[in-house]
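Residue numbers (my numbering): 1138 to 1354.
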């Protein structure tokens, strides 16, 4: 039996995935969530074999959802299911603990193979994502030889949360309340993340969040 948790804020996407996956003998969708925080709680209580997670969601983005699910339910493997093929996004979801990455455009022909691989604890990437990873590897290799553009310092999990909340319109005080930290701590994280992404204004932060799918816009 393969037990699957579906995480996407669009009902029609979850319905379509359920239809495709439950046609497989011995597979069952044990839960559905429309937000990241709800997904973490379901993963903790249901301990599914696989969680299929979109990246751009309200409340908690797919990166942090992945990280928290892997912590709350270590036996649950994560398959990222998204329309975006950003190199940085691929690197960050892998760092967060995802086992596979599938583009929504390939769902009809590849979702079964992707879930099957991830359930068996094997990595899964379709050819487009594999190309993205290879291109990034080659660019990093060239950078190490002094060629090309430098790769930016990655954001911490807390910094990504703050980027998302800023992009969704929260003030420093509102962000502090949401994350249960002080306003001064928010300001410290904000200064650090702005340095890392080369941002000078809130507009720059919003553009970064939108480009890297860290917020549901």
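Even for Gly, the Cβ is constructed at its ideal location relative to N, Cα and C.
Taking the Cβ atom as the reference point for each residue, do residue 1211 and residue 1141 lie within a distance shorter than 7 Å? no
What does the alpha-carbon distance come out to for the pair residue 1229 and residue 1163? Cα to Cα, the separation comes out at about 32 Å.
Three-state class that DSSP yields for residue 1144 in the structure shown: strand
How would you label residue 1317, buried or exposed, when you count the other beta carbons within 10 angstroms and need 16 or more for buried? exposed
Using CA coordinates, which residue listed in 1181, 1174 and 1258 is at the minimum distance from residue 1191? 1174
Endpoints, the beta strand (DSSP E) within which residue 1169 is located: 1164-1170
Based on DSSP bridge pairs, tell me the residues matched to residue 1188. 1142 and 1215
With distances taken between CB atoms, is the gap from residue 1216 to residue 1251 smaller than 7 Å? yes
Kindly indicate the opening and closing residues of the alpha helix (DSSP H) around residue 1316. 1309-1316
Distance between residue 1347 and residue 1213 (C-alpha atoms, nearest Å): 28 Å
Evaluate the contact criterion for the segment 1289-1299 versus the segment 1240-1254: three or more CB pairs, one atom per stretch, below 8 Å. no
What residues are listed by DSSP as bridge partners for residue 1237? Residue 1237 is bridged by DSSP to 1216 and 1261.
Does the distance from the C-beta atom of residue 1323 to that of residue 1312 stay below 7 Å? yes
Close-in-space but distant-in-sequence residues of the same chain around residue 1205 (CB under 7 Å, 5 per side omitted): The beta carbon of residue 1205 lies closer than 7 Å to those of 1177 in the same chain, with the five residues before and after it left out.
Decide if residue 1152 is buried, meaning its Cβ has at least 16 other Cβ atoms within 10 Å, or exposed. Around the CB of residue 1152, fewer than 16 other CB atoms lie within 10 Å, so the residue is classed as exposed.
Between 1262, 1336, 1334 and 1144, which lies nearest to residue 1195 when the distance is taken from Cα to Cα? 1144
Is residue 1197 helix, strand or coil by DSSP? coil
Please say whether residue 1146 and residue 1171 have beta carbons closer to each other than 7 Å? yes
Between which residues of its own chain and residue 1260 is the CB-CB distance below 8 Å, once the five residues before and five after are set aside? 1236, 1237 and 1254
Would residue 1219 be called buried (16 or more neighbouring beta carbons within 10 Å of its own) or exposed? buried
Compute the Euclidean distance between the alpha carbons of residue 1304 and residue 1342, then round it to the nearest angstrom. Rounded to whole angstroms, the gap between the alpha carbons of residue 1304 and residue 1342 is 7 Å.
Please classify residue 1199: is it buried, with 16 or more other beta-carbons within 10 angstroms of its beta-carbon, or exposed? buried
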